[in-house]
Amino acid sequence: MPRRSCLAHLEIDFETQVEAKAGQRADAAAPKADFTKDSMTLSDALPDSGRTVLVDSLETGGSTKGEAVQLAVISNLTRALEKQKEKTELMRTFSHWRLQQIEAGQEDHVCSMADKHYNRILLKNMWRTWRSVMESNWKDKVEQACRARAEEVCIELSSDYETKVAQSKIPKEIVFGFL
Numbered sequence: 526m527p528r529r530s531c532l533a534h535l536e537i538d539f540e541t542q543v544e545a546k547a548g549q550r551a552d553a554a555a556p557k558a559d560f561t562k563d564s565m566t567l568s569d570a571l572p573d574s575g576r577t578v579l580v581d582s583l584e585t586g587g588s589t590k591g592e593a594v595q596l597a598v599i600s601n602l603t604r605a606l607e608k609q610k611e612k613t614e615l616m617r618t619f620s621h622w623r624l625q626q627i628e629a630g631q632e633d634h635v636c637s638m639a640d641k642h643y644n645r646i647l648l649k650n651m652w653r654t655w656r657s658v659m660e661s662n663w664k665d666k667v668e669q670a671c672r673a674r675a676e677e678v679c680i681e682l683s684s685d686y687e688t689k690v691a692q693s694k695i696p697k698e699i700v701f702g703f704l
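Just so you know, the sequence shown maps onto residues 526 to 704 in this note's numbering.
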């Protein structure tokens, strides 16, 4: 046989084998897909206890190899569904917990901001009160200091005037308006 014809013959054999295997896979997958659809509708339609009863009854009643495979697939699917439900429930509880933590953090932040605002208002009011007291004390002190200085200046001026009058030898009665 020439080399080309051998290769062509091998290629044809290989292609037929691939097609045969693909056909076998398709034949095997079709019942499995139908069974998966049926088991999903059953698992959705039945509550958890109903599913376990169905699986138990199918497991005890199965005697042939096909039924055993179907039972194994049913139990695997049931376990997968239960795991998925547990996973979604855990995700739900975690999300709920996380939202509560976020809300608690926000509430703490708002409370601290309110406390800071309250303390700032108290500080402002205290500052205003202290300042008004200090200003009134300052005004009193300045007024007393001015009055004391004015009295000193008046006494000094009157003593200077008396000394000048005494030096000028003008009678006091005329200066002060006495006759």
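Just so you know, even glycine gets a beta-carbon here, dropped at the ideal spot from N, CA and C.
Span separating the alpha-carbon of residue i from that of residue j
i, j, result
"Ser661", "Arg645", "24 Å"
"Arg674", "Lys666", "12 Å"
"Ala639", "Trp652", "20 Å"
"Ser683", "Lys664", "28 Å"
"Cys720", "Trp655", "Beyond the ends of the chain as shown, which are 526 and 704, falls residue 720; an answer cannot be given."
"Trp622", "Gly630", "12 Å"
"Leu602", "His642", "59 Å"
"Glu592", "Ile627", "52 Å"
"Leu571", "His634", "Low confidence applies here, because Leu571 scores a pLDDT of 49, under 50, leaving its location unreliable; read the following figure in that light. Cα to Cα, Leu571 sits roughly 47 Å from His634."
"Arg617", "Glu611", "10 Å"
"Gly587", "Gln625", "Here the model assigns Gly587 a pLDDT of 47, short of 50, so the residue's position is not dependable and the matter cannot be decided."
"Glu594", "Ser620", "The sequence given here places Val at residue 594; Glu does not occur at that position. Looking at the two C-alpha atoms, the distance is approximately 38 Å."
"Glu607", "Leu647", "60 Å"
heavy atom of the ligand FMN below 7 Å from residue i C-beta
i, result
"Lys664", "Looking at this structure, you won't find the ligand FMN or any other ligand, since it has none at all."
CB contact check: residue i to chain B, cutoff 8 Å
i, result
"Val594", "Within the model displayed, chain B is absent; a lone protein chain is all it includes."
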